[in-house]
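**Student:** FYI, in our numbering the residues of the first sequence are 171 to 973.
Structure in structure tokens, see below.
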Amino acid sequence: MSYPFKKIEKKWQKIWKKNKYKLWQAQDFKGKKIYILDMFPYPSGEGLHVGHVEGYTATDILARYYRMRGYNVLHPMGWDAFGLPAENYALKMKKNPMTFVPKNIKRYKKQMEMLGLSYDWNREINTTDPNYYKWTQWMFLKMYEKGLVYEKTAPINFCPSCKTGLANEEIVNGRCERCNTPTQIKYLNQWHIRITAYAERLLQDLEKLDWPENVKTMQRNWIGKSEGYEVTFKILGSDEEINIFTTRLDTIFGATFIVLAPEHPLSTKIPEEDYIFNVENYLENILKKPERERKMEEEISGVFTGRFAVHPLTGEKLPIWISDYVFYYYGTGAIMGVPAHDARDYRFAKKFDLKIKPVVSPEKNKEPQSLPFEDYGYLINSFDYDGLDSKTAIEEIGKFLEEKGLAKKAVYYKLRDWIFSRQRYWGEPIPLIKCPKCGIVPLSEKELPLKLPKVKSYEPTGTGESPLKNIKKWIKVKCPKCKGDAERESHTMPQWAGSCWYYLRYIDPKNNKEFANFKKLKYWLPVDIYVGGVEHAVLHLLYARFWHKFLYDLNLVPTDEPFTKLVNQGIILGPDREKMSKSRGNVINPDEIVQKYGADTLRMYEMFMGPLEDVKSWDTHGIIGVFRFLNKIWEYNKKVKKYKVEKENLEVKINLNKLIKKVAEDIEAMKFNTAISSMMEFMNFVYDKKISIKSWLTFIKLLFPFAPHIAQEIYSHYYKNKFLDREKWPLPDLKLISEEERKIIIEINGKKRDEILVPSDYQIEEIKKLALEREKIKKFLQNKTIEKFIFVQNKILNIVTKD
RNA sequence: GCCCGGGUGGCGGAAUAGGCAGACGCGUUGGGCUUAAAACCCAAUGGCCUACCAGAGGCCGUGAGGGUUCGACUCCCUCCCCGGGCACCA
Numbered sequence: 171m172s173y174p175f176k177k178i179e180k181k182w183q184k185i186w187k188k189n190k191y192k193l194w195q196a197q198d199f200k201g202k203k204i205y206i207l208d209m210f211p212y213p214s215g216e217g218l219h220v221g222h223v224e225g226y227t228a229t230d231i232l233a234r235y236y237r238m239r240g241y242n243v244l245h246p247m248g249w250d251a252f253g254l255p256a257e258n259y260a261l262k263m264k265k266n267p268m269t270f271v272p273k274n275i276k277r278y279k280k281q282m283e284m285l286g287l288s289y290d291w292n293r294e295i296n297t298t299d300p301n302y303y304k305w306t307q308w309m310f311l312k313m314y315e316k317g318l319v320y321e322k323t324a325p326i327n328f329c330p331s332c333k334t335g336l337a338n339e340e341i342v343n344g345r346c347e348r349c350n351t352p353t354q355i356k357y358l359n360q361w362h363i364r365i366t367a368y369a370e371r372l373l374q375d376l377e378k379l380d381w382p383e384n385v386k387t388m389q390r391n392w393i394g395k396s397e398g399y400e401v402t403f404k405i406l407g408s409d410e411e412i413n414i415f416t417t418r419l420d421t422i423f424g425a426t427f428i429v430l431a432p433e434h435p436l437s438t439k440i441p442e443e444d445y446i447f448n449v450e451n452y453l454e455n456i457l458k459k460p461e462r463e464r465k466m467e468e469e470i471s472g473v474f475t476g477r478f479a480v481h482p483l484t485g486e487k488l489p490i491w492i493s494d495y496v497f498y499y500y501g502t503g504a505i506m507g508v509p510a511h512d513a514r515d516y517r518f519a520k521k522f523d524l525k526i527k528p529v530v531s532p533e534k535n536k537e538p539q540s541l542p543f544e545d546y547g548y549l550i551n552s553f554d555y556d557g558l559d560s561k562t563a564i565e566e567i568g569k570f571l572e573e574k575g576l577a578k579k580a581v582y583y584k585l586r587d588w589i590f591s592r593q594r595y596w597g598e599p600i601p602l603i604k605c606p607k608c609g610i611v612p613l614s615e616k617e618l619p620l621k622l623p624k625v626k627s628y629e630p631t632g633t634g635e636s637p638l639k640n641i642k643k644w645i646k647v648k649c650p651k652c653k654g655d656a657e658r659e660s661h662t663m664p665q666w667a668g669s670c671w672y673y674l675r676y677i678d679p680k681n682n683k684e685f686a687n688f689k690k691l692k693y694w695l696p697v698d699i700y701v702g703g704v705e706h707a708v709l710h711l712l713y714a715r716f717w718h719k720f721l722y723d724l725n726l727v728p729t730d731e732p733f734t735k736l737v738n739q740g741i742i743l744g745p746d747r748e749k750m751s752k753s754r755g756n757v758i759n760p761d762e763i764v765q766k767y768g769a770d771t772l773r774m775y776e777m778f779m780g781p782l783e784d785v786k787s788w789d790t791h792g793i794i795g796v797f798r799f800l801n802k803i804w805e806y807n808k809k810v811k812k813y814k815v816e817k818e819n820l821e822v823k824i825n826l827n828k829l830i831k832k833v834a835e836d837i838e839a840m841k842f843n844t845a846i847s848s849m850m851e852f853m854n855f856v857y858d859k860k861i862s863i864k865s866w867l868t869f870i871k872l873l874f875p876f877a878p879h880i881a882q883e884i885y886s887h888y889y890k891n892k893f894l895d896r897e898k899w900p901l902p903d904l905k906l907i908s909e910e911e912r913k914i915i916i917e918i919n920g921k922k923r924d925e926i927l928v929p930s931d932y933q934i935e936e937i938k939k940l941a942l943e944r945e946k947i948k949k950f951l952q953n954k955t956i957e958k959f960i961f962v963q964n965k966i967l968n969i970v971t972k973d
């Protein structure tokens with residue numbers, strides 16, 4: 171027999187919903203605030219999965235806890251509803267996303283209600299709502315205005331299956347992130363956003379953030395800053411010069427060749443006549459391959475130009491090569507080859523039989539034992555610089571070359587500008603007009619939102635252009651400037667656009683004058699706790715930080731970072747310890763679990779499985795433990811009603827107060843698994859004891875954030891019209907806890923031999939006396955001489971003996 | 001290759017300013033209830049050994065080896081394994 175969870179959960183969900191979720195409504199400007207944010211879901215046709223439940227339960231516990239602590243809690247939810255999956259599904263089923271996406275959203279919302287999640291639904295948002303994306307477009311235009319948006323023909327990655335361009339971030343191992351098709355290369359005009367202008371700040375400000383170290387590291391690597399020098403090499407018999415970038419100027423005397431990236435303008439310009447054929451052959455072959463494919467090639471390749479550069483320090487002749495191991499988009503697109511001190515250059519030199527000259531060594535005046543030697547060391551074979559350590563040598567050589575105008579300090583980042591165009595229907599239209607006379611003409615604010623047209627067919631054109639291109643009625647416009655015939659931009663924004671600023675809109679979701687009122691932003695920002703999956707470590711989280719900083723620069727938001735604290739929940743694997751997937755058939759459906767055990771059990775089980783951040787696998791049997799626990803509470807509650815406890819048992823009091831302290835600490839540290847363990851321990855402890863109603867309801871309050879339905883139901887048996895959300899979180903009586911007797915462990919030579927119970931203020935002398943009187947201890951100390959005692963207050967007495 | 005995590009019973013996991021290893025839960029075993037099963041309740045449950053009418057006791061044990069310490073899951077050194085991220089970025 172189990173407790174009537176279905177009845178209870180339905181009952182309270184109905185009551186909570188009844189007056190528009192007023193219980194959970196965040197009030198602007200009212201007292202101390204806390205903003206607890208979830209990563210909003212993409213409402214797919216699949217419905218919520220147990221991974222969502224994990225993160226959303228965690229934040230729900232926090233939200234309910236902080237409400238009881240008297241905080242003004244902002245805990246909103248919304249829908250990231252643009253994006254490829256919806257469009258792909260739409261194409262497959264011949265339906266318009268505008269009709270089925272709202273249905274998905276409804277289902278998601280219903281599931282969230284079913285879980286008892288306490289969102290402030292009055293602030294619900296949807297990225298595909300024109301009233302929302304109006305502001306996404308508005309912000310884009312602001313970026314355009316500030317010169318952060320530019321159009322460029324770029325060799326883009328193209329997925330032949332999705333028929334769309336992809337950002338570098340959307341490619342995994344040379345394959346489309348979504349459909350796993352190998353990507354191709356295609357040349358298209360693309361809108362870019364100059365995120366690189368923010369590279370340094372995005373890097374620096376990571377320091378301020380209370381984020382998991384691995385996420386910060388991932389962002390650092392993604393931004394990939396390196397500091398070095400640009401050095402100019404003159405080309406023999408030519409006016410052209412080659413500018414190279416190096417972080418290892420100390421190795422310059424070991425440079426024995428120069429390499430240009432295939433795309434480098436000089437690659438086609440400088441080859442000697444006899445070599446032109448080879449070079450063109452090579453370039454043609456290389457440039458048609460997608461970047462990723464090129465990187466996957468095992469064999470290093472290259473071609474000699476027949477030309478030589480002049481070493482700026484020695485005057486030596488260095489052959490100029492072209493190879494695709496040098497990237498055009500990084501640094502200056504050209505390098506000096508130092509085979510003795512760089513593994514790639516070494517490989518290249520070996521393959522093409524180029525000179526290898528060691529100039530740095532781990533020991534002074536000695537050749538390195540093996541090549542390539544890539545560490546810093548001491549210079550050799552470097553004339554005046556011999557004997558200097560690498561760091562000093564970089565400075566000295568740099569200074570010398572700078573004075574001669576042959577080098578300058580330079581900083582480069584791996585981060586590249588953000589390709590912002592998608593050749594897709596289901597996204598925010600880019601609010602720009604292309605006029606043959608006036609060029610690019612941005613829409614004015616009054617013309618926003620530029621709505622996505624409702625249409626029957628929006629198949630991809632297959633040429634890589636957007637389906638919008640075929641919708642003549644929408645695409646053809648008069649130029650706002652010259653009134654002549656013009657066309658709208660047919661590309662749409664990437665899915666990331668809407669999620670870059672959604673947390674701002676929650677703060678003022680219905681404002682139609684601005685994306686959010688500044689005073690309100692000032693009150694609520696920054697987001698105090700942001701919970702979501704680690705898969706967004708570099709994409710969403712980097713874009714959102716960039717977007718926020720941009721708004722900050724325009725004085726539109728009050729903080730320079732959006733999310734103070736970030737927590738990544740670990741993924742939940744199937745019972746077979748494999749990633750849940752339909753094809754494996756190991757997917758756990760939350761609806762079924764709720765059906766069988768109730769939402770409270772599902773919530774609590776997911777929190778009990780282990781630490782929030784850990785990867786965990788679902789245990790089909792394990793959930794029963796939590797279910798039993800809740801049943802036990804239900805049964806015990808029936809007994810409590812009949813008890814007439816005049817004076818509470820001291821032990822019960824002490825244990826309850828310890829529990830109050832423990833649960834609060836664990837919730838704040840988001841250690842929900844141990845909080846639940848402690849509550850279970852307490853139940854085991856009181857189960858055969860009588861307890862006062864007051865103490866019992868205190869326990870119920872502790873339970874409430876985790877299992878809100880059953881807690882609220884039990885509470886209502888005693889207080890008919892009181893909502894636990896509005897009740898005060900109990901505070902522990904610390905005096906009671908500290909006055910308790912302490913168990914002292916008696917060790918002999920570090921091994922536990924006995925334990926005694928003493929008042930907490932007992933000192934070493936009293937405890938020593940007690941310990942030495944114990945029979946057990948006497949036995950162990952026979953024929954032994956005591957050397958010393960080690961005493962740790964309230965914990966341990968260690969008796970150390972000689973021999 | 002580089003950078004982060006992490007290795008604790010049959011399983012998920014507790015315990016780290018160094019101080020009772022294995023909380024809590026699952027599973028298993030035995031018992032109760034039942035015509036029976038499920039559910040539920042009670043008890044035992046790291047390994048090895050000694051003892052037993054009953055009570056009890058010893059040794060080993062947190063991936064491996066070494067070190068520091070009165071005392072190490074926790075700190076230091078060496079190594080092995082697993083998970084994740086990045087990967088021709090000059």
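We put the CB at the ideal spot given by N, CA and C, even for glycine.
Just so we're clear, the structure is a prediction, and the values are computed from it rather than from any experiment.
Going by DSSP, what residues sit across from Tyr-700 in a beta bridge?
**Tutor:** DSSP output for Tyr-700 lists Leu-207 and Leu-736 as bridge partner(s).
**Student:** Let's test the definition: count the other Cβ atoms within 10 Å of the Cβ of Gln-963 and tell me whether it reaches 16, buried, or not, exposed.
**Tutor:** With fewer than 16 Cβ atoms within 10 Å of its Cβ, Gln-963 is classed as exposed.
**Student:** Quick one: what does DSSP say Phe-252 is sitting in, helix, strand or coil?
**Tutor:** Coil at Phe-252, not helix or strand.
**Student:** Please confirm if the region 674-683 is in contact with the region 596-616, defined as three or more CB-CB distances below 8 angstroms between the two stretches.
**Tutor:** These segments do not touch.
**Student:** Answer with buried or exposed for Glu-838, where buried requires no fewer than 16 other C-beta atoms within 10 angstroms of its C-beta.
**Tutor:** Classification of Glu-838: exposed, given that the 10 Å Cβ count is below 16.
**Student:** CA-CA distance, Lys-921 and Lys-946?
**Tutor:** Whole-angstrom Cα-Cα distance: 13 angstroms.
**Student:** Would a C-beta distance cut-off of 8 angstroms place His-718 and Pro-732 closer than the cut-off?
**Tutor:** Yes, Cβ-Cβ distance for His-718 and Pro-732 is below 8 angstroms.
**Student:** Tell me, to the nearest whole angstrom, how far the beta carbon of Gln-195 is from that of Gly-286; I am working on the premise that it is less than 8 angstroms.
**Tutor:** Not really, about 17 angstroms apart at Cβ, beyond 8 angstroms.
**Student:** Just to confirm, is the Cβ distance from Ile-505 to Thr-475 under 8 angstroms?
**Tutor:** No, the Cβ-Cβ distance between Ile-505 and Thr-475 is not below 8 angstroms.
**Student:** Whether or not the region 372-389 and the region 558-569 are in contact is what I'm after, with contact meaning three or more pairs of Cβ atoms, one per stretch, closer than 8 angstroms; do they touch?
**Tutor:** Not touching, per the Cβ criterion.
**Student:** Give every residue of the same chain whose Cβ lies closer than 7 angstroms to the Cβ of Leu-618, excluding the five residues on either side of it in the sequence, and list them in chain order.
**Tutor:** Around Leu-618: Lys-304, Gln-307, Trp-308 and Pro-601.
**Student:** Should Tyr-399 be labelled buried (16 or more other beta-carbon atoms within 10 Å of its own) or exposed?
**Tutor:** With 16 or more Cβ atoms within 10 Å of its Cβ, Tyr-399 is classed as buried.
**Student:** Buried or exposed: Lys-264, going by 16 or more other Cβ atoms within 10 Å of its Cβ?
**Tutor:** By the 10 Å Cβ count, Lys-264 comes out exposed.
**Student:** Helix, strand or coil: how does DSSP classify Leu-782 here?
**Tutor:** Three-state result, Leu-782: coil.
**Student:** Please tell me whether Val-928 and Glu-943 are closer than 8 angstroms, where the distance is taken between their beta carbons.
**Tutor:** Against a cut-off of 8 angstroms, the Cβ pair of Glu-943 and Val-928 comes out as no contact.
**Student:** Give every residue of the same chain whose Cβ lies closer than 6 angstroms to the Cβ of Asn-807, excluding the five residues on either side of it in the sequence, and list them in chain order.
**Tutor:** Same-chain partners within the cutoff: Ile-884.
**Student:** Report yes or no: do three or more beta-carbon pairs, one from the region 438-456 and one from the region 478-487, lie closer than 8 angstroms?
**Tutor:** Judged by Cβ distances under 8 angstroms, the region 438-456 makes no contact with the region 478-487, as fewer than three pairs qualify.
**Student:** Sorted by chain position, which residues of the same chain lie with C-beta nearer than 8 angstroms to Phe-950's C-beta, five sequence neighbours on each side aside?
**Tutor:** Contacts found: Ile-918 and Arg-923.
**Student:** Cα separation between Tyr-888 and Ser-753?
**Tutor:** Taking the straight line from one Cα to the other gives about 49 angstroms.
**Student:** Since Lys-648 and Glu-657 are thought to touch, with beta carbons under 8 angstroms apart, how far apart are those beta carbons, to the nearest angstrom?
**Tutor:** The Cβ separation is near 11 angstroms, so there is no contact.
**Student:** Taking Val-243 as the reference, give the member of Phe-961, Tyr-693, Ile-863 and Tyr-445 with the closest Cα.
**Tutor:** Val-243 has its Cα closest to that of Tyr-693, out of Phe-961, Tyr-693, Ile-863 and Tyr-445.
**Student:** Leaving out five residues on either side along the sequence, give the residues of the same chain with a beta carbon under 7 angstroms from the beta carbon of Leu-571.
**Tutor:** Here the set comprises Val-401, Pro-482 and Ala-577.
**Student:** Taking only the alpha-carbon atoms, compute the straight-line gap between Asn-413 and Lys-574 and give it to the nearest angstrom.
**Tutor:** Their backbone Cα atoms lie some 15 angstroms apart in a straight line.
**Student:** Is it true that the region 270-290 meets the region 622-630, where meeting means three or more beta-carbon pairs spaced less than 8 angstroms apart?
**Tutor:** Contact fails: fewer than three Cβ-Cβ distances are below 8 angstroms.
**Student:** If we count Cβ pairs, one from each stretch, closer than 8 angstroms, do we get three or more for the region 419-427 versus the region 493-513?
**Tutor:** The region 419-427 is in contact with the region 493-513.
**Student:** Would you mind sorting Thr-229 into buried or exposed? The rule is 16 or more other CB atoms within 10 Å of its CB.
**Tutor:** Thr-229 should be labelled buried.
**Student:** Which word fits Phe-977, buried or exposed, when buried means at least 16 other C-beta atoms lie within 10 angstroms of its C-beta?
**Tutor:** Look at the range of the chain in this structure, 171 to 973, and you will see that residue 977 is not part of it.
**Student:** By how many angstroms is the C-alpha of Lys-527 removed from the C-alpha of Leu-419?
**Tutor:** C-alpha separation (whole angstroms): 15 angstroms.
**Student:** Do Asp-784 and Gly-744 have their C-beta atoms within less than 8 angstroms of each other?
**Tutor:** No, Cβ-Cβ distance for Asp-784 and Gly-744 is not below 8 angstroms.
**Student:** Compare the beta carbon distance of Val-727 and Leu-695 with 8 angstroms and say whether it is the shorter of the two.
**Tutor:** Yes, they are a contact pair.
**Student:** Return yes when the Cβ of Val-220 is within less than 8 angstroms of the Cβ of Val-704, no when it is not.
**Tutor:** For Val-704 and Val-220, no; Cβs fall outside 8 angstroms.
**Student:** So, at 6 angstroms on beta carbons, what are the nonlocal neighbours of Ser-591 in its own chain, with the 5 sequence-adjacent residues on each side left out?
**Tutor:** The residues are Gln-360, Trp-361 and His-661.
**Student:** Quick one: using the 10 Å Cβ neighbour count with 16 as the cut-off for buried, is Gly-557 buried or exposed?
**Tutor:** With fewer than 16 other Cβ atoms within 10 Å, it is exposed.
**Student:** Quick one: Cα of Asn-301 to Cα of Tyr-672, how far?
**Tutor:** Their backbone Cα atoms lie some 12 angstroms apart in a straight line.
**Student:** Is the Cβ-Cβ distance between Ala-941 and Ile-926 less than 8 angstroms?
**Tutor:** It is a contact, given that the beta carbons lie within the stated cut-off.
**Student:** Would you kindly work out how many angstroms separate the C-alpha atoms of Lys-749 and Leu-800, rounded to a whole number?
**Tutor:** So the alpha carbons of these two residues sit roughly 29 angstroms apart.
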